[in-house]
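Chemist:
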Amino acid sequence: MTRNIKEIVMQLPADKYATLGAVRCLPGLLAAVDDDVLWLRGIPFTGKPDPEIRRLPATHTFLLDETNLLFPTDSLTPVATLKSLHWKSLPELLQIVLPVSAMPAEITAKYQVQLAPAEKQQTTHALLTTLTAWCNYAETAPLIRLQPLTFAASDKNEVLIMGQPLPPIPGKEYVLQHKLLLPAGYEFNPAGIAFLVAAKLNPQQEDYLIFDATGTWECIPATAFVKAGRSAIRLTKRERENG
1 MTRNIKEIVM
11 QLPADKYATL
21 GAVRCLPGLL
31 AAVDDDVLWL
41 RGIPFTGKPD
51 PEIRRLPATH
61 TFLLDETNLL
71 FPTDSLTPVA
81 TLKSLHWKSL
91 PELLQIVLPV
101 SAMPAEITAK
111 YQVQLAPAEK
121 QQTTHALLTT
131 LTAWCNYAET
141 APLIRLQPLT
151 FAASDKNEVL
161 IMGQPLPPIP
171 GKEYVLQHKL
181 LLPAGYEFNP
191 AGIAFLVAAK
201 LNPQQEDYLI
211 FDATGTWECI
221 PATAFVKAGR
231 SAIRLTKRER
241 ENG
């Protein structure tokens with residue numbers, strides 16, 4: 001089989017995106033995120049790759065032909081077809097930062113993160129509801145429905161419940177990405193930058209950040225969550241009533 005190779009494509013772990021800073025000024029390079037994989041394309045097939053490209057922490061390197069088939073560098077047999085992804089130039093990708101109010105003073109915001117309606121169906125992982133609705137549900141819910149859940153209560157008598165399956169009570173559902181909670185039906189704009197946002201706002205991954213549709217967010221310490229159980233929920237209700 002004759003391969004008409006047009007470029008080299010690399011896969012990197014998504015959390016290694018900062019390493020692209022070393023090659024951001026090289027012409028023709030494009031990057032995209034697919035789940036936890038960072039794709040880099042536009043690397044010339046002819047000639048010797050730039051030394052900085054060779055130093056990238058790639059997990060896989062492929063040759064890409066004119067029909068978008070991916071070949072291992074040492075094989076004539078394709079292993080996959082390159083997906084249709086949201087490709088960005090490296091300067092564009094690496095300039096995505098958060099609003100000034102959420103950043104350390106020494107970082108200059110060049111691109112404000114926004115949320116937009118999601119293009120794909122999402123699985124929800126959290127529910128924001130009232131303490132009253134949560135308590136009423138817990139009084140009659142089978143214990144097997146409570147055991148997979150944790151919850152945190154606010155001074156406003158709101159409760160954020162996390163786990164699956166979520167209880168069938170009224171409230172606002174959220175999806176979870178890198179400990180970022182986004183309103184169900186929304187995603188970051190551009191899509192696929194959750195790991196960038198997490199790296200800027202929550203690099204230690206210790207807490208949860210909950211966003212609204214405008215991009216405003218609040219931090220919820222992981223220590224605020226307790227395992228769901230009737231006694232814990234009743235105690236929370238008494239504390240809020242007496243507080």
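Residues in the sequence shown are numbered from 1 upward in steps of one, following full-length UniProt numbering.
Every residue gets a Cβ at the ideal spot worked out from N, C-alpha and C, and that includes glycine.
All of these numbers come straight from a predicted model, not from anything done at the bench.
1) Mind checking G28: buried by the 16 CB within 10 Å criterion, or exposed?
2) Comparing the CB of Y174 with every heavy atom of the ligand FMN, is any distance shorter than 6 angstroms?
3) Suppose you measure from the CA of N242 to the CA of L131; what does that come to, to the nearest Å?
4) Quick test of your reading: Y174 and P183, contact by CB under 8 angstroms. State the CB separation rounded to the nearest angstrom.
5) Taking only three categories from DSSP, how would you classify S89?
6) Is V23 helix, strand or coil by DSSP?
7) Which first and last residues belong to the alpha helix (DSSP H) in which R240 is found?
8) Between the C-alpha atoms of L181 and L76, what's the straight-line distance to the nearest angstrom?
9) Based on Cα-Cα distance, which residue from R240, E239, F188 lies nearest to W217?
10) Hey, how far is the Cα of A224 from the Cα of G163?
11) Where do the N-terminal and C-terminal ends of the beta strand (DSSP E) with K16 fall, by residue?
12) Using a Cβ-Cβ cut-off of 6 angstroms (strictly less than) and excluding sequence neighbours within five positions of L171, which residues of its own chain qualify?
13) What separation, rounded to the nearest whole angstrom, lies between the Cα atoms of A80 and V23?
14) Determine the direct distance from the alpha carbon of T61 to that of D50, and round the result to whole angstroms.
Modeler: Judging by the given coordinates:
1) exposed
2) This structure does not include the ligand FMN; it has no bound ligands of any sort.
3) 14 angstroms
4) 6 angstroms
5) strand
6) helix
7) 230–242
8) 44 angstroms
9) F188
10) 15 angstroms
11) Careful: K16 lies outside any beta strand (DSSP E) and carries neither H nor E.
12) With the sequence shown as reference, residue 171 is identified as Gly, and Leu is not the correct amino acid for it. Once the five neighbours on either side are set aside, the close Cβ partners of G171 are L127, L128, T129.
13) 26 angstroms
14) 15 angstroms
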